[in-house]
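See below for the structure under consideration.
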Amino acid sequence: EADIYQTPRYLVIGTGKKITLECSQTMGHDKMYWYQQDPGMELHLIHYSYGVNSTEKGDLSSESTVSRIRTEHFPLTLESARPSHTSQYLCASSGAGGPFNEQFFGPGTRLTVL
Amino acid sequence: AQTVTQSQPEMSVQEAETVTLSCTYDTSESDYYLFWYKQPPSRQMILVIRQEAYKQQNATENRFSVNFQKAAKSFSLKISDSQLGDAAMYFCAYSGTYKYIFGTGTRLKVLA
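Okay, structure coming up:
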């Protein structure tokens, strides 16, 4: 079944740890996005990719980094987690045909940094 | 630059009643899409309805319909016969040539 997956769903980690949030989609979409969202609040675009080996920073400055080595995989990495990184991270993807397409969202990863 | 504004942080509606969520946007582009997304508590964001700017006819999906006023740059969502399952955050979104922009969201509460 075509879908978009995020792991882990919940993560509690100590300050200074390196973490990677995984995002995979089986829809063959070329565009993928990472958003940061505090619970019940607006979405902030932090990274996006329009294809393999293409990544760009979004509107909200973030200390995280991303990579896009395979079409279906778009992981986000924090080299040294801090309490200010506590938030929900949503991954999304959209298909070919320009930016007009619907974005499909994953279930999110809720990150807590102690 | 394109912007999307949702001026209602929170709305309430009685079950079975109708509610309208507001969204305004600003753009100089002539070709774009507008969307409403729904994010239920602790659940995945999903698309509710989409409108293509070049189509004058308002989009409709079952109990959900939009009032698209292109000249006024307004794109409101009407939910008819509201149900408890409609309770969620609703995000208006604009998609143009280069940008995909979400509004700040409206939390909808449905009262039994």
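Protein chains in written order, with the numbering used here: chain L, 1 to 114; chain Z, 1001 to 1112.
Glycine residues also receive a C-beta, built at the ideal position from the N, C-alpha and C atoms.
Candidates the options, of which the one nearest residue i by Cα
i	options	result
Q36/L	Q25/L, L21/L, Y50/L, T26/L	L21/L
F104/L	S84/L, L114/L, Q25/L	Q25/L
A2/L	N53/L, G95/L, R68/L	G95/L
S1012/Z	T1020/Z, F1064/Z, E1029/Z	T1020/Z
D1026/Z	E1017/Z, A1016/Z, T1005/Z, R1043/Z	T1005/Z
Y50/L	R82/L, F74/L, G14/L	F74/L
Residue i, enclosing beta strand (DSSP E) - first and last residue
i	result
N101/L	Looking at the DSSP string, N101/L is not in any beta strand (DSSP E), and its letter there is neither H nor E.
G51/L	44 to 51
R1063/Z	Where R1063/Z is concerned, there is no enclosing beta strand (DSSP E), given that its DSSP letter is neither H nor E.
Exposure of residue i, with buried meaning 16 or more beta-carbon neighbours within 10 Å
i	result
Y1054/Z	exposed
R68/L	buried
Y1112/Z	Per the sequence shown, the amino acid found at residue 1112/Z is Ala instead of Tyr. Exposed, by the Cβ-count rule.
D1086/Z	buried
I1079/Z	buried
A1059/Z	buried
T1003/Z	exposed
Under 8 Å from the C-beta of residue i: neighbouring residues of chain L
i	result
M1011/Z	Going along chain L, no residue has its Cβ under 8 Å from M1011/Z, so there is no contact; the nearest lies around 14 Å.
Q1044/Z	F105, G106, P107, G108
Listed by chain order, chain Z residues near residue i by CB distance under 9 Å
i	result
E56/L	Within 9 Å Cβ-Cβ: nothing; E56/L doesn't reach chain Z, min ~11 Å.
Contact list for residue i against chain Z, beta-carbon separation under 8 Å
i	result
S60/L	For clarity, residue 60/L is Leu in the given sequence; the question names Ser instead. The contacting residues do not exist; L60/L stays about 12 Å from chain Z at best.
G119/L	Nothing about residue 119/L can be read from this structure; chain L reaches only from 1 to 114.
Closer than 7 Å at the beta carbon, the chain Z residues around residue i
i	result
G40/L	M1089, R1107
Residues of the stretch 12 to 25 of chain L whose Cβ lies closer than 7 Å to any Cβ of chain Z, in chain order:
none
Which of the residues in the stretch 1087 to 1108 of chain Z, read from start to end, lie with their CB under 9 Å from any CB of chain L?
M1089, F1091, A1093, S1095, G1096, T1097, Y1098, K1099, Y1100, I1101, F1102, G1103, T1104, G1105, R1107
In the stretch 1028 to 1041 of chain Z, which residues sit with their C-beta less than 9 Å from some C-beta in chain L, listed in chain order?
D1031, Y1032, Y1033, F1035, Y1037, Q1039, P1041
Name, going along the chain, the residues of the stretch 1046 to 1061 of chain Z whose beta-carbon falls closer than 9 Å to a beta-carbon of chain L.
I1046, L1047, R1050, E1052
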